[in-house]
Amino acid sequence: MTTRAAGHAPLPLRVGLIGFGSIGSKLGQAIVDGEAGRCELAAVLVRRPEKLGADAPARLGCPVTNDAADFLATAMDLVVEVAGHEALKAYAEDVLRQNKDLLLISVGAFADRQFQERVERAAHDYGRRVYLATGAIAGLDAIAAAAVGGLDSVTHSVRKPPRGLLPPDEAAAVERSGEPRELYRGPAREAAIRFPENVNVAAAISLAGLGLDETTVRVVADPTVVRNTHEIEARGAFGELRVLLQNVPSENPKTGRLTAMSMIKALRNLTAPVVIGI
76 MTTRAAGHAP
86 LPLRVGLIGF
96 GSIGSKLGQA
106 IVDGEAGRCE
116 LAAVLVRRPE
126 KLGADAPARL
136 GCPVTNDAAD
146 FLATAMDLVV
156 EVAGHEALKA
166 YAEDVLRQNK
176 DLLLISVGAF
186 ADRQFQERVE
196 RAAHDYGRRV
206 YLATGAIAGL
216 DAIAAAAVGG
226 LDSVTHSVRK
236 PPRGLLPPDE
246 AAAVERSGEP
256 RELYRGPARE
266 AAIRFPENVN
276 VAAAISLAGL
286 GLDETTVRVV
296 ADPTVVRNTH
306 EIEARGAFGE
316 LRVLLQNVPS
326 ENPKTGRLTA
336 MSMIKALRNL
346 TAPVVIGI
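Residue numbering for the sequence shown follows the working numbering, beginning at 76 and increasing consecutively.
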């Protein structure tokens, strides 16, 4: 069966999910419920299918497997990664080689320059598209637009409750102190390597603007906040920009609820006749 390109595919769009945790389960259910645009769930790839329950295939209306070859052999137009850096690195190139487009949330994996180059090369060679999701952040479109005219500086400060950034013992110590602790200040590339599950949004901002080596990131474990807080400051030929976003954490304290919402919106955009923001 011929695979259809996501940008021009007859609808509904056939979607495969890699990962079914906090984000993936919400996205998968949204597809099943018809809330993620004109999409249908084609297959789900997870490490342990039994964790989804014996009724998962019937409930989701598609195969649930831990066999990557079986997953990739499924007729799909688009594969959505919501499983983390390790999974993205394991499957991204194979997805593209199988003539499927890729929508990913683990943007921080591109801190590995060689991996980014391989993905870009595979997308080019096989005529596919790779979509980097907005995730739990605002202002990405403005940063990308400002980069056209020239950016002078971009700083992204991440503040999260200690348990969203540190092991339990260290988090408890920071909580007892009552004082914020700066864990990192420096280039976004190194931040993505040190905090792979916490700074995907910083990586997205960096790639939209000055790049991973020229964007400054601050990571702060802050016992005075209850929400995952992102502050972006940018200066350039356009003027100045400041964005403050306070995300309610999901069941996974490292991830804001807005992340799953952004993935649902991305699928709506890919299947909508009129798209707001491009």
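By construction, the Cβ of each residue, glycine as well, lies at the ideal position given by its N, Cα and C atoms. As the structure is a prediction and not an experimental result, all values here were calculated from the model.
ask   = What beta strand (DSSP E) runs, 3 residues minimum, are completely inside the stretch 190-225?
value = Here the runs fully enclosed are 205-207.
key: Proximity below 9 Å, CB of A267 to CB of L240   = With a cutoff of 9 Å on beta-carbon distance, A267 and L240 are scored as not near each other.
task = May I ask you to verify whether the stretch 181-193 touches the stretch 311-319, counting CB pairs closer than 8 Å and requiring at least 3?
result = Touching, no, given that fewer than three Cβ pairs across the two stretches are closer than 8 Å.
query = What number of angstroms, rounded off, separates the C-alpha of E427 from the C-alpha of V107?
reply = Here the chain comprises residues numbered 76 to 353, so residue 427 is not present and cannot be evaluated.
message = Taking only three categories from DSSP, how would you classify T346?
response = Per DSSP, reduced to three states, the secondary structure at T346 is helical.
request  = Flag this pair as yes or no: are the beta carbons of H231 and V276 separated by less than 9 Å?
outcome  = Yes; because the gap between Cβ atoms is below 9 Å, this pair is in contact.
Segment limits, alpha helix (DSSP H) that includes N275 = Counting along the chain, the unbroken alpha helix (DSSP H) around N275 starts and ends at N275 to A283.
inquiry  = Less than 9 Å between the C-beta atoms of V139 and A131, yes or no?
reply    = Yes, the Cβ-Cβ distance between V139 and A131 is below 9 Å.
query = Roughly how many angstroms separate the alpha carbons of A133 and R302, rounded to a whole number?
reply = In a straight line, the C-alpha of A133 is about 36 Å away from that of R302.
ask   = Taking the DSSP output, what are the residues bridged to E306?
value = S232 and L319, per the DSSP bridge assignment.
inquiry  = I need the straight-line Cα distance from L177 to G128, nearest angstrom please.
reply    = So the two alpha carbons sit approximately 27 Å from each other.
Spatial distance of L282 from L207 (CA atoms) = Cα to Cα, L282 sits roughly 10 Å from L207.
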